[in-house]
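Heads up, the thing below is written out as structure tokens.
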Amino acid sequence: MENKRLVIVGTAHVSPKSIRDVEETIEKEMPEAVAIELDRRRFHALTRDELQDIPILDVIRKGETHLLIFQLLLSYFQKRIGDTYGVKPGEEMIAAVRKAKEINVDVILIDRDIGITLKRFWASLSLFEKLKLVGHLIMDFIRKEEVEIDEVLEEDVLELLVKEFRDIAPSAARVLIDERDAYMASNLIKSLNKYDKLVAVVGAGHKKGIERYLMNPESIPDTRKLEEIKKSRINLFKLFGYTVFGIIILIFSMLFMTLNSELIIRAFIYWFLINGILSAIGAAIARGHPFSIAAAFFFAWFTSLNPAIAAGWVSGAVEAWVRKPTASDLRKISRAESLGEVFSNKFFRVLLVAALTNVGSMIGTFMGAYYVLQITGIDIVGTLKEGFANVINTIFGIF
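So that you can map any letter, position 74 of the sequence shown is 73 in numbering that gives the first Met the number 0, and since no number is skipped, the others follow by simple counting.
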């Protein structure tokens with residue numbers, strides 16, 4: 000654009016030098032506005048003293064516990080790096096905002112909403128990639144490996160994780176880096192229509208990508224599409240749940256037809272115990288309250304039959320009722336000094352209880368269905384084939 004000037008400062012997210020670079024560049028350029036690599040939620044989290052409470056039961060009900068757990072672990076990881084180098088995570092962004100206020104210019108938030116980014120990121124991973132990523136993150140905490148500041152200069156925390164998994168999760172790199180580069184470049188172009196001179200403060204790992212899009216603006220995709228959260232037309236977990244529900248109902252219907260009460264009771268006991276024990280083990284691994292573990296045990300048999308209700312909803316709700324986590328507990332997660340402190344946090348524990356109860360329940364559903372079929376001796380595949388054949392014959396018989 001003619002008569003327009005844009006200066007992009009690539010920063011490390013936990014580097015003292017980056018803070019000086021940001022301040023000096025803004026003082027030297029005296030821009031009309033300062034653009035920063037933040038969305039509204041992260042901006043408020045960095046600049047507000049008050050921390051907004053998160054409705055934890057809504058998170059559990061929506062099935063988003065894994066996303067929030069992942070986000071909180073990343074926050075802790077970044078805080079640990081910052082402690083190593085004596086810098087608060089995001090301090091360079093705060094410095095940019097502070098300088099913008101000093102020279103009385105506008106602050107522009109150019110990054111995509113963190114919730115959308117994480118949801119698109121999570122949706123882009125296969126189940127194996129999700130397990131690998133979370134496992135690697137936890138092992139990093141346990142080993143307490145040192146992170147080189149040179150690495151952080153090139154990538155932010157999410158990008159460092161993607162670098163570890165680039166070979167097995169190329170789609171994750173696209174969501175976390177390429178899409179955000181395009182999104183921020185688009186917002187910078189829009190801002191240059193209003194301002195003649197801008198300073199943009201972004202992570203060093205984004206600088207080249209943003210510049211590449213600015214040189215070729217026609218390659219920038221529609222940002223509305225970058226904000227879409229694609230939902231599968233078929234929810235595999237619900238489909239699985241309804242399938243199991245149908246099979247179990249079929250099994251017990253066939254048992255009732257035989258009038259074999261002993262076999263019916265035996266099958267139910269197996270279903271109850273397998274689902275209950277494995278769900279309770281999940282809650283116990285998360286160090287849930289005894290009431291939460293008991294709730295997981297007694298309700299799992301029913302929730303496994305009902306795709307609309309997850310066992311983790313029940314145990315998580317009980318854990319929240321007992322622990323009563325607050326916004327203060329949420330704040331303590333980012334200030335934790337160790338992984339043990341994170342796992343002991345009341346807010347985090349509620350999420351973990353819900354998540355691990357669901358894992359136990361899912362395993363229990365598989366095992367429970369298998370053992371019920373074994374002890375009843377019902378050939379479910381043969382029964383379904385026979386039923387399907389009868390339906391086809393009936394249809395053809397009508398015509």
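Even glycine gets a Cβ: it sits at the ideal position worked out from N, Cα and C.
Small disclaimer: the values here were computed from a predicted structure and weren't measured.
Rounded Cβ spacing between residue i and residue j (contact assumed at less than 8 Å)
i, j, result
"glycine 359", "glycine 281", "3 Å"
"leucine 197", "alanine 34", "6 Å"
"glycine 202", "glutamate 22", "The pair is not a contact, with the Cβ atoms about 17 Å apart (cut-off 8 Å)."
"glycine 367", "isoleucine 308", "At roughly 16 Å, the Cβ-Cβ gap does not stay under 8 Å, so glycine 367 and isoleucine 308 are not in contact."
"proline 324", "isoleucine 59", "That pair is no contact at about 12 Å."
"asparagine 2", "aspartate 195", "6 Å"
Extent of the continuous alpha helix (DSSP H) run through residue i
i, result
"valine 371", "345 to 375"
"arginine 111", "Looking at the DSSP string, arginine 111 is not in any alpha helix (DSSP H), and its letter there is neither H nor E."
"isoleucine 228", "Note, isoleucine 228: premise wrong, no alpha helix (DSSP H); not H, not E."
"isoleucine 102", "Run containing isoleucine 102: none; DSSP gives neither H nor E here."
"lysine 16", "15 to 28"
"lysine 189", "178 to 191"
"leucine 45", "39 to 46"
Under 8 Å between C-beta atoms of residue i and residue j
i, j, result
"leucine 190", "threonine 222", "For the record, residue 190 in the displayed sequence is serine; it is not leucine. Taking 8 Å as the Cβ cut-off, serine 190 and threonine 222 do not qualify as a contacting pair."
"serine 314", "alanine 283", "no"
"glycine 363", "alanine 285", "no"
"tyrosine 269", "isoleucine 109", "no"
"valine 321", "phenylalanine 290", "yes"
"leucine 71", "phenylalanine 296", "no"
"glycine 89", "arginine 40", "no"
"valine 371", "isoleucine 276", "no"
"valine 104", "alanine 32", "yes"
"glutamate 28", "valine 6", "yes"
"threonine 64", "leucine 329", "no"
"glutamate 318", "histidine 288", "yes"
"alanine 310", "asparagine 357", "yes"
"arginine 97", "tyrosine 182", "no"
"isoleucine 219", "alanine 122", "no"
"leucine 175", "threonine 116", "yes"
"leucine 45", "isoleucine 93", "yes"
"lysine 206", "glycine 9", "yes"
"glycine 421", "aspartate 177", "There is no way to answer for residue 421, as the model of the chain reaches only from 0 to 398."
"leucine 304", "isoleucine 263", "no"
Classification of residue i by the beta-carbon crowding that lies within 10 angstroms, buried from 16 upward
i, result
"leucine 187", "buried"
"glutamate 154", "A caution first: glutamate 154 carries a pLDDT of 48, below 50, which makes its placement in the model unreliable, though a value can still be read off. When all chains shown are included, glutamate 154 counts as buried."
"leucine 355", "buried"
"arginine 179", "buried"
"phenylalanine 255", "exposed"
"aspartate 57", "exposed"
"serine 17", "buried"
"arginine 119", "buried"
"isoleucine 30", "Before going further, note that residue 30 is proline rather than isoleucine in the sequence given. It counts as buried."
"alanine 199", "buried"
"glutamate 24", "For clarity, residue 24 is threonine in the given sequence; the question names glutamate instead. Flag for threonine 24 reads buried."
"leucine 126", "exposed"
"glutamate 101", "exposed"
"tyrosine 369", "exposed"
"serine 337", "exposed"
"alanine 217", "The question names alanine, but residue 217 in the sequence shown is glutamate. So glutamate 217 ends up on the exposed side."
"glutamate 49", "Since pLDDT at glutamate 49 reaches only 47, below the 50 mark, its modelled position is unreliable, and no value is offered."
"serine 327", "exposed"
"methionine 214", "exposed"
"serine 278", "buried"
Enclosing beta strand (DSSP E) for residue i [first to last residue]
i, result
"isoleucine 7", "4 to 10"
"glycine 202", "196 to 202"
"isoleucine 35", "32 to 35"
Runs of alpha helix (DSSP H) wholly within the stretch 275 to 325 (minimum 4 residues, chain order): 289 to 302 and 310 to 322
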